[in-house]
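Quick note on the working numbering: the sequence shown kicks off at -14 and runs consecutively.
Here's the structure we're looking at; comments come further down.
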Amino acid sequence: MATTFFPTEFIYLLTVYYTGALLVSVVVLLVTIKKNRFEGEYQLYSRILDSRTRLQNTDVFTKMAKESSLFLERFKLVDEPQEYYTIISLIDTIEFIYRIHKKKMIDKELWQRWEYHAKGMMTIPKFRKVWHATKKFHTPDFVNFMDAL
């Protein structure tokens, strides 16, 4: 005796199939949104770092900074303000790459190159002095990373 396929069973199977497809689509959409937001934030942060570096490396900013006791103390760590700005930019770049590494958004071999670069930077006395004077402004895990180099 042959079993008959009732329309209710067919509707049930279609409902299960489409519900599963909808759930998969929603998950894919949420992952894509999160990834795009994250990439957008990092692109924006990169542009902000670049802009800050260009603005600080001007005579106008240096003149204003020399009126600040904080900046005067930091400028004493180097021979000229541009060295300070360069070191700060390098530290921020290393931290930026470190953050990308922590989010697993950079190739492991490329990260190793940056880690080696950071170790090299820490051998420069002026770099190390500026690092120690400014590290309190960085995240604790990045401070631990740099201090371990």
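Using N, Cα and C, we set each Cβ at its ideal position, and we do this for glycine too.
All of these numbers come straight from a predicted model, not from anything done at the bench.
Taking C-beta separations shorter than 7 Å and ignoring five residues to either side along the sequence, the partners of lysine 111 in its chain run Leu62, Val63, Glu68 and Ile72, following chain order. In the structure shown, threonine 124 adopts coil according to DSSP, grouped into three states. Going by DSSP, glutamate 58 is part of the alpha helix (DSSP H) stretching over 54 to 60. Your pair phenylalanine 46 and leucine 40 checks out as a contact, with CB atoms roughly 6 Å apart and the cut at 8 Å. When the beta-carbon positions are compared, glutamate 80 and histidine 123 come within less than 8 Å of each other. Judged by DSSP secondary structure, aspartate 44 falls within the alpha helix (DSSP H) whose first and last residues are 44 to 50. If only uninterrupted beta strand (DSSP E) runs of at least 3 residues are considered, none is enclosed by the stretch -4 to 50. The beta carbon of histidine 86 is closer than 6 Å to those of Trp96 in its chain, skipping five residues each way along the sequence.
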